[in-house]
Amino acid sequence: MWRQYNPNPNGLNTDDCTARALTLALDVDWETAFFLLALMAGKMAVMQLDLNAVWWAVLRQHGYYRKSLPDECPDCYTVREFCAEHPDGVYVLYTGRHVLTAIDGDWYDTADSGDEVVIYYWYRKDD
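Just so we're on the same page, the numbering used here is the position in the sequence shown counted from 1, plus 298.
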């Protein structure tokens, strides 16, 4: 089930989905998630905090592993279907244009992204 979630300290929805997703996945506030992304971007000498390589590296640093899913239907999974089949654990989902976190079968986002197709997901082996 979709849970509306926006930890942005100013309540903005400004292309900060990677920071929003990391707040839940890493159990940190928005400012800390932003700082982790900025620090990694600096180490990589890139200016975009939302580059896949940047947030993927942050997740790897925190014990997450990536898995791919079919992105061609009928073998694809929507966020809703993924969550129904993964009722336990914390997952960071990537749809090709958006990042969100799912926890125990619910997805957390500023808008209902349940119909978007998941391409990759990140998980911890202990989850």
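Cβ atoms here follow ideal geometry from the backbone N, Cα and C, with glycine treated the same way.
CB contact flag (aspartate 404, methionine 299, <8 Å): Contact flag set, yes.
Reduced DSSP category for glutamine 346 - H, G, I as helix; E, B as strand; rest coil: Reduced to three states, the DSSP call for glutamine 346 is coil.
Proximity of threonine 399 and alanine 351 at Cβ, strictly below 8 Å: The Cβ-Cβ distance between threonine 399 and alanine 351 does not fall below 8 Å.
Residue from Tyr389, Tyr419, Tyr303 with nearest C-alpha to aspartate 369: Out of Tyr389, Tyr419, Tyr303, Tyr419 has the C-alpha closest to the C-alpha of aspartate 369.
Length at least 4, wholly inside the segment 329-392: the alpha helix (DSSP H) runs in chain order: Within the segment 329-392, the complete alpha helix (DSSP H) runs of at least 4 residues are 350-359, 377-383.
Same chain, Cβ closer than 6 Å to alanine 339, neighbours up to 5 away in sequence not counted: Closer than 6 Å at the Cβ level, and outside the excluded window around alanine 339, lie Leu347, Val352.
DSSP bridge partner residues for tyrosine 421 (one or two, in chain order): Bridge partners of tyrosine 421: Tyr363, Tyr389.
Rounded straight-line distance, which links the Cα of cysteine 371 to that of tryptophan 328: One alpha carbon belongs to tryptophan 328, the other to cysteine 371, and they sit about 34 Å apart.
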